[in-house]
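Engineer: Mapping of the sequence shown onto UniProt numbering: residues 1 to 312, in sequence order.
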Amino acid sequence: EEKIPADKGEEKIPADKGEEKIPADEEETSTKDTSLGSEEEELKIVVATSSEEDKYKSDLSVDNLKPFDKVQEIFPNSLSNADLATFITSTLSAKGYDDGKTLVATSLCCDEVNRPLEEELSNLYDTNFNMGGLAGFPFGGATSFGAMAAHIPDGGSCLVVYGPHVGVDSTGAVGTVERRGRANGGSCCGSAVAASGYVGSVFKGDAEKAALPEDALDAQQYFVGSMLMPYAERLDAAEEKMKELPYALYDAQTELMGRIVEKSGGAVADGTTAVLGGIQINTPPGYSDYFLPLSFKLHDNEGKEVEDIMWA
C-alpha cells in the first residue's frame, strides 16, 4: 500500500479490494446516511416488538372481528354491528332519509364496551349525539332531545338508537364478559346487575326502598333501580334472571324514551324521528358485538308515532 500524506484527509483503498474510494468531503454525508438506515431499522424493530396494544386495536378493527355464535343461541335474531348498520341504512333510505342530513342520537350505557356500536353509527352519519347514562337509560331527558333536534342539518331528520346492554362471555354465560387486560371479566352491565340485586332485595322484604337522592353523587344509579322496580316480580320469577334483565330494562327505557319523544319531538323542524330500540350484546375481545332490534318506529315532527318500520 502507498502511504498517503496526512494533509490529503482521505485513505486510498487498494484497487484489488474492489471498493470505491470515498473522498473526505463525502465522508460525513456517507456516515449520516448509514446512521439513518440504522435508526430506521431500529424503529421497525420497536414497532414490531412493542405491538401488544396495536395488536389489540387491530383485532378489534371491523375487518378482523369474528362472529360469536353463542349470541344467536341466547338472543335469536340479533344482528352484528355491521349487519345492524346495513339494516338501518336500507330501512331509512327507503323512507327518504339522506345520510348527509341525518343526525344520530344514542342512548347507550357509559361502559366503554359500548363504544364500538356508536363508532359504527358515526361511520354512517358522521357523528353521534349522546343522550345516555348508566344502563343505557336516556338520562339526558327531554332537554338533551331538544338540544339534539336543534343540531339536525337543515332539511334533515334524526335517528335515535337506545337500549340496555348485556355481556355474553366465551363460555356462554350471560351478564358477564371478558375485558381487555383483566384476568377475570366482570358484570356486564354492572349498573343493571347492581340494580337488579337492589330490586330483588326490596321485593323479598330484605331491604327498604332507597330515598330520593338530594345529591347528584349517585343519582343515576338510584333511578336505574327505581325504574326497574316495577319489574321486580317478573325478574324474581325468571328462570334465567341475567337473560331476562335486559328485556325488563328495555321495557323500562322504552316507556321513558316514548315520553321524551312525545314531549320534545316538536323540536324536530321539518323532518322525522326514527327510534330504534333493542338490546346491545357485548362479546369477548376479537368478536363482533351484536344488537337485538325490538322496535323501530317513525315519528312525525310533533312526536307522534306514524309508522312501524321494524320490518318495512
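Just so it is clear, CB atoms sit at the ideal spot from N, CA and C, and this is done for glycine as well.
Remember, it's a predicted structure, so these values are computed and weren't measured experimentally.
1. Return the Cβ separation of I260 and A149 in integer angstroms, given the expectation that the two are a contact with Cβ distance under 8 Å.
2. Going by the beta-carbon positions, is the gap between G225 and M257 smaller than 8 Å?
3. Indicate whether the contact test is met: 3 or more Cβ pairs, each with one atom in the segment 204-223 and one in the segment 174-186, closer than 8 Å.
4. What's the C-alpha gap between A194 and G155?
5. Do the segment 242-250 and the segment 158-172 meet, that is, are 3 or more Cβ pairs less than 8 Å apart?
6. Which residue wins for smallest C-alpha separation from A252, given the options F139, D218, R179, E214?
7. Let's see if you can read the secondary structure: which residues bound the beta strand (DSSP E) around Y162?
8. Give me the residue from G303, K297, P284 with the minimum Cα distance to V168.
9. For the putative contact between E118 and L108, defined by C-beta atoms under 8 Å, what is the C-beta separation to the nearest angstrom?
10. For H299 and V174, I'd like the C-alpha separation in whole angstroms.
11. From the DSSP output, read off the bridge partner residues of G167.
12. Hey, out of L84, A274, Y125, G146, whose CA is closest to M131's CA?
13. Measure the beta-carbon distance from T106 to C158 and round it to whole angstroms, keeping in mind my assumption that it falls under 8 Å.
14. For F145, which three-state DSSP category applies?
15. Short of 7 Å in beta carbon distance, which residues of its chain neighbour A238, apart from the five on each side in sequence? Order them along the chain.
16. By a C-beta neighbour count over all protein chains shown, 10 Å radius and 16 as the cutoff for buried, is G94 buried or exposed?
17. When DSSP builds the beta bridges, which residues end up paired with N128?
18. Smallest Cα separation from V177: which of E214, N282, L121?
19. With 16 as the cutoff for other CB atoms within 10 Å, does M310 come out buried or exposed?
20. Could you spell out where the beta strand (DSSP E) holding D308 opens and where it closes?
21. For F291, report the span of its beta strand (DSSP E) as first-last.
22. May I ask you to report which of helix, strand or coil DSSP gives V268?
23. Pull up the CB-CB distance for residue 330 and S191, whole angstroms please, since I reckon it's below 8 Å.
24. Go through its chain and collect everything with a Cβ distance to S122's Cβ below 7 Å, but skip five positions before and after it.
Structural biologist: The relevant details are as follows:
1. Translated into the one-based positions of the sequence shown, residue 260 becomes position 260. Translated into the one-based positions of the sequence shown, residue 149 becomes position 149. Actually they are not in contact, since the Cβ atoms of I260 and A149 sit about 11 Å apart, beyond 8 Å.
2. Counting from 1 along the sequence shown, the entry for residue 225 is found at position 225. Counting from 1 along the sequence shown, the entry for residue 257 is found at position 257. Cβ distance not < 8 Å, so G225 and M257 don't count as in contact.
3. no
4. In the sequence shown, the residue the question calls residue 194 occupies position 194. In the sequence shown, the residue the question calls residue 155 occupies position 155. Taking the straight line from one Cα to the other gives about 43 Å.
5. yes
6. Working through the sequence shown from its first residue, we reach residue 252 at position 252. Comparing Cα-Cα distances from A252 to each of F139, D218, R179, E214, the minimum goes to F139.
7. Locating residue 162 in the sequence shown gives position 162, counting from the first residue. Segment 157-162, the beta strand (DSSP E) holding Y162.
8. Looking up residue 168 in the sequence shown gives position 168. The shortest C-alpha separation from V168 is found at P284.
9. For the purposes of this step, residue 118 is taken as residue 118 along the sequence shown, with counting starting at 1. For the purposes of this step, residue 108 is taken as residue 108 along the sequence shown, with counting starting at 1. Right, the Cβ-Cβ distance comes to about 7 Å (below 8 Å), so this counts as a contact.
10. Here the question's residue 299 lines up with position 299 in the sequence shown. Here the question's residue 174 lines up with position 174 in the sequence shown. C-alpha separation (whole angstroms): 34 Å.
11. Position 167 of the sequence shown, counted from the first residue, corresponds to residue 167. Answer is N282, bridged to G167.
12. What you label residue 131 is simply residue 131 of the sequence shown in a count that begins at 1. Answer by Cα proximity: G146.
13. Indexing the sequence shown from 1 puts residue 106 at position 106. Indexing the sequence shown from 1 puts residue 158 at position 158. About 11 Å; that fails the 8 Å criterion.
14. Against the sequence shown, residue 145 aligns to sequence position 145. If DSSP states are grouped into helix, strand and coil, F145 belongs with the helices.
15. Counting from 1 along the sequence shown, the entry for residue 238 is found at position 238. Taken in chain order, the residues that qualify are E244.
16. In the sequence shown, counting from the first residue as 1, residue 94 sits at position 94. For clarity, residue 94 is Ala in the given sequence; the question names Gly instead. The residue is exposed, with fewer than 16 neighbouring Cβ atoms inside 10 Å.
17. The residue labelled residue 128 in the question sits at position 128 within the sequence shown. Paired residues: V104.
18. Here residue 177 refers to the residue found at position 177 of the sequence shown. Of E214, N282, L121, the residue nearest in Cα terms is N282.
19. Taking the sequence shown and counting its residues from 1, one reaches residue 310 at position 310. Looking at its Cβ environment, which holds fewer than 16 other Cβ atoms inside 10 Å, M310 is exposed.
20. Residue 308 sits at position 308 when you count from the first residue of the sequence shown. Element bounds for D308: 305-308.
21. Here residue 291 is taken as the residue at index 291 of the sequence shown, counted from 1. Looking at the DSSP string, the run of the beta strand (DSSP E) that includes F291 is 290-299.
22. As a position in the sequence shown, residue 268 is number 268, starting the count at 1. In the structure shown, V268 sits in coil (DSSP, three-state: anything other than H, G, I, E or B).
23. Because residue 330 is not part of the residues shown, which for the chain are 1 to 312, the question remains open.
24. As a position in the sequence shown, residue 122 is number 122, starting the count at 1. Excluding sequence neighbours, S122 sits near N128.
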